[in-house]
């Protein structure tokens, strides 16, 4: 098979609109694109002129799946620009809300978007008839994660109570105790999930890849909320404010989202597997056990194992949520006013959201209005790497005599394994920052 | 015959489609009562013979316009879900800036690669049969709508302000804390979720009536002395009110 044409308009079971186009002529790839055809969003423009404290509520509307993640990076960026130090209680609540979204997002991706490929169906819907216990388990875990978010933030999609400087609501001890019991009970569902993923045949692909993630230096925690930028090729930490030393953006015509490279590599990966490769030593022991059980070892360079890393992180987040709730119950939560700004300046907020490293940067004027904003989205950072992986997969499968349908499915599975969030990624900024 | 359902997304965050998947307790029952035949975010199969089409997102590009016309032709009943589809949503913030300005700011010299128009609710382009507002859509209201439709009963949105639900829940009024809340002029149906979690109403479900808006505008001016610009900025966030002046 010397000539192959693959065109998939709007790849399914993805968040947002992406087209896959591959041309092979006389055995050579003449073009290969994951075209991002989502509408341009203009969020940086929306932000200009709005007050500093509106940024989290505006930017969380970038994406329904990762709206807690955007809220988190946004409050951190604005607080850095305003000289705000939040209370220990606020950080505990933020982490619990954040874990809720990680669990929700990972479970949604694993069960609703990825698993159908492995079970040979087009969606989770037929599984309701053939594998009802699997679907019920997925819904139970997802609901627990949503309820966790709702107790802290009011709801998962576009959280309400999380603001610059603190929270306008605190969950009651009864709510926390109820959630803790359900989190403990979910260990059985996690074990079943691990058993399911152990059976799935993960395609093989090994390509030398740089993995970029946050890391809490020293003997710190597995980095989600805090940390500095490291990578598997350059482990020396970079401070959040200097993120431009690690992320180099460029514009390509076939994508309404910018591509990214690092000083070390023409493309790099972020996300669960990148976090695992950089932070596996800080995983909760239960998560490390599951990693061992399903055979995930660092460094892992097979992008299809991003799914496996999401499973391992789900275990970590459930166990960490239980520990957070114990701390809250021990100290008791009290209503606190939001901390007020000390100044209006420039600030960077980073967070490891479900799909990887998220950057929010803001410049405020002297009245607290947003003058400039820059947002770098995990999926945007992964796009160049996804294309590089596809360039490795296509010749190998042609060599092995795979059919066009097999190649197409494999490429779609690859794209889904990165769990791209295209609504998020479709905006990029092309301005000169004046220091 | 089960009704054939589709879920589509235009310019937006797809949070309203996601909210349907967050009906975990009722999802299997819903899937039993209807047949989902087109839902890009959740399934591979795609059919175009559709009884009820739900659309989230605003019309914000020439491509969106073509898509929504296609959806209208393919669906017997078309339902706008969420603030973007019902009001234009957060996307309308760009409508108050010059196109050259907001496009150039984000895309620089390459702005022409990415065509865009003013952001509009889908009813500005095609006939819409029902609207389920909110940012995000209220999933319990979605469920109530589906039940009404399956039972052949007329569905109506609440025709009173968020304050009614807020009082019912026993929340202290945010105005007593000096917070400018848009609840008095905003359509109820969200169970006053934002004030319940200590935050002001941001009018994501739209204006309940011109009378409520006029009365609230008067109170804000004469009793609370809030500058008109501040009220307008609040009402513009999700496209609830886009005029240059309050009534």
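Protein chains in written order, with this note's numbering: chain E, 35 to 469; chain L, 3 to 249. Every residue gets a Cβ at the ideal spot worked out from N, C-alpha and C, and that includes glycine. Note that the coordinates shown come from a computational prediction; the quantities given were computed from them, not determined experimentally.
Straight-line Cα distance separating residue j from residue i
| i | j | result |
| --- | --- | --- |
| residue 88 of chain L | residue 210 of chain L | 13 Å |
| residue 24 of chain L | residue 59 of chain E | 45 Å |
| residue 122 of chain L | residue 311 of chain E | 44 Å |
| residue 199 of chain E | residue 246 of chain E | 29 Å |
| residue 376 of chain E | residue 95 of chain E | 27 Å |
| residue 431 of chain E | residue 442 of chain E | 10 Å |
| residue 42 of chain E | residue 438 of chain E | 12 Å |
| residue 170 of chain L | residue 66 of chain L | 40 Å |
| residue 180 of chain E | residue 219 of chain E | 16 Å |
| residue 374 of chain E | residue 162 of chain L | 35 Å |
| residue 117 of chain L | residue 101 of chain L | 11 Å |
| residue 464 of chain E | residue 293 of chain E | With a pLDDT of 34 at residue 464 of chain E, under the threshold of 50, the modelled position of that residue is not reliable, and the figure given next carries that caveat. Answer to the nearest angstrom: the Cα atoms are 13 Å apart. |
| residue 247 of chain L | residue 96 of chain L | 18 Å |
| residue 18 of chain L | residue 386 of chain E | 24 Å |
| residue 74 of chain L | residue 132 of chain E | 38 Å |
| residue 189 of chain E | residue 65 of chain E | 43 Å |
| residue 27 of chain L | residue 201 of chain E | 28 Å |
| residue 381 of chain E | residue 148 of chain L | 45 Å |
| residue 146 of chain E | residue 9 of chain L | 16 Å |
Counted within 10 angstroms of its Cβ, other Cβ atoms place residue i as buried (16 or more) or exposed
| i | result |
| --- | --- |
| residue 141 of chain L | buried |
| residue 453 of chain E | buried |
| residue 106 of chain E | buried |
| residue 136 of chain E | buried |
| residue 37 of chain E | exposed |
| residue 333 of chain E | exposed |
| residue 58 of chain L | buried |
| residue 166 of chain L | exposed |
| residue 389 of chain E | buried |
| residue 151 of chain E | buried |
| residue 279 of chain E | exposed |
| residue 341 of chain E | buried |
| residue 103 of chain L | exposed |
Close Cβ partners of residue i (< 7 Å) along its chain, the five nearest in sequence each way excluded
| i | result |
| --- | --- |
| residue 36 of chain L | 4, 5 and 7 |
| residue 123 of chain E | 367 and 370 |
| residue 344 of chain E | 140, 143, 144 and 306 |
| residue 207 of chain E | 363 |
| residue 203 of chain L | 164, 183, 184, 185, 188, 196 and 197 |
Residue interval of the beta strand (DSSP E) (run including residue i)
| i | result |
| --- | --- |
| residue 39 of chain L | 37-41 |
| residue 67 of chain E | 62-70 |
| residue 394 of chain E | 390-398 |
| residue 157 of chain E | Neither: residue 157 of chain E is in no beta strand (DSSP E) and is coded neither H nor E. |
| residue 180 of chain E | Run containing residue 180 of chain E: none in the beta strand (DSSP E); it sits in the alpha helix (DSSP H), 166-187. |
| residue 408 of chain E | 404-410 |
| residue 190 of chain L | Unbroken run through residue 190 of chain L: none, as it is neither H nor E. |
Where the alpha helix (DSSP H) containing residue i begins and where it ends
| i | result |
| --- | --- |
| residue 68 of chain L | 64-76 |
| residue 362 of chain E | 340-365 |
| residue 10 of chain L | Premise fails: residue 10 of chain L lies in the beta strand (DSSP E), 6-11, not in any alpha helix (DSSP H). |
| residue 213 of chain L | 212-224 |
| residue 244 of chain E | Counting along the chain, residue 244 of chain E falls outside any alpha helix (DSSP H), though it belongs to the beta strand (DSSP E) covering 244-249. |
| residue 224 of chain E | 207-233 |
Proximal residues to residue i (C-beta, below 6 Å), its chain only, five neighbours per side dropped
| i | result |
| --- | --- |
| residue 91 of chain L | 60, 85, 240 and 241 |
| residue 223 of chain L | none |
| residue 461 of chain E | Annotation note: pLDDT 43 at residue 461 of chain E (below 50); position unreliable, coordinate value reported separately. The residues are 75 and 77. |
| residue 137 of chain L | 85, 206 and 240 |
| residue 353 of chain E | 318 and 320 |
| residue 467 of chain E | The pLDDT assigned to residue 467 of chain E is 32, lower than 50, so where the model puts this residue is not dependable, and the model offers no usable value. |
| residue 217 of chain E | 352, 355 and 356 |
Contact list for residue i against chain B, beta-carbon separation under 9 Å
| i | result |
| --- | --- |
| residue 348 of chain E | Of the protein chains in the structure, E and L, none is chain B. |
Contacting residues, own chain, Cβ-Cβ under 8 Å from residue i (five flanking each side not counted)
| i | result |
| --- | --- |
| residue 360 of chain E | 214 |
| residue 299 of chain E | 243, 244 and 267 |
| residue 469 of chain E | With a pLDDT of 32 at residue 469 of chain E, under the threshold of 50, the predicted position of this residue should be treated as unreliable, and no value is reported. |
Closer than 8 Å, Cβ to any Cβ of chain E: which residues of the stretch 25-54 of chain L, in chain order?
-> Listed by position, the residues of the stretch 25-54 of chain L near chain E (Cβ gap below 8 Å) are 26, 27, 29, 30, 33, 38, 41, 42, 43, 44, 45, 46, 47 and 48.
- When you check each C-beta in the stretch 52-78 of chain E against every C-beta of chain L, which residues fall closer than 9 Å? Along the stretch 52-78 of chain E, the positions whose C-beta sits under 9 Å from a C-beta of chain L are 71, 72, 73, 74, 75, 76, 77 and 78, read in chain order.
Selection of the stretch 99-130 of chain L by Cβ proximity to chain E, strictly under 7 Å = For the stretch 99-130 of chain L, the residues whose beta carbon sits under 7 Å from a beta carbon of chain E are, in order, 99, 104, 107, 108, 109, 110, 112, 115, 116 and 118.
Below 9 Å between beta carbons is the criterion; list the residues of the stretch 5-16 of chain L that meet it against any residue of chain E, in chain order.
11, 12, 13, 14, 15 and 16
Report task. Quick one: which residues of the stretch 180-199 of chain L get their C-beta closer than 8 Å to a C-beta of chain E? List them in chain order. Result -> Within the stretch 180-199 of chain L, 195, 196, 198 and 199 place their CB atoms closer than 8 Å to a CB of chain E, listed in sequence order.
Notebook entry, point to check: In the stretch 90-108 of chain E, which residues sit with their C-beta less than 8 Å from some C-beta in chain L, listed in chain order?
Noted result: 91, 92, 95, 96, 97, 98, 99 and 101
Check each residue of the stretch 171-198 of chain E: if its Cβ is closer than 8 Å to any Cβ of chain L, include it; give the result in chain order.
-> Within the stretch 171-198 of chain E, the residues whose Cβ lies closer than 8 Å to some Cβ of chain L are 173, 174, 176, 177, 180, 187, 188, 189, 190, 191, 192, 194, 195 and 197, listed in chain order.
Point to revise | Interfacial residues, the stretch 140-158 of chain L to chain E, with Cβ spacing under 7 Å | key: none
When Cβ atoms are compared, which residues of the stretch 152-163 of chain E fall closer than 8 Å to chain L? Along the stretch 152-163 of chain E, going in chain order, the ones with a CB nearer than 8 Å to a CB of chain L are 156, 157, 158, 159 and 162.
Taking Cβ-Cβ distances below 7 Å as the criterion, which residues of the stretch 201-235 of chain E are in contact with chain L?
202 and 203
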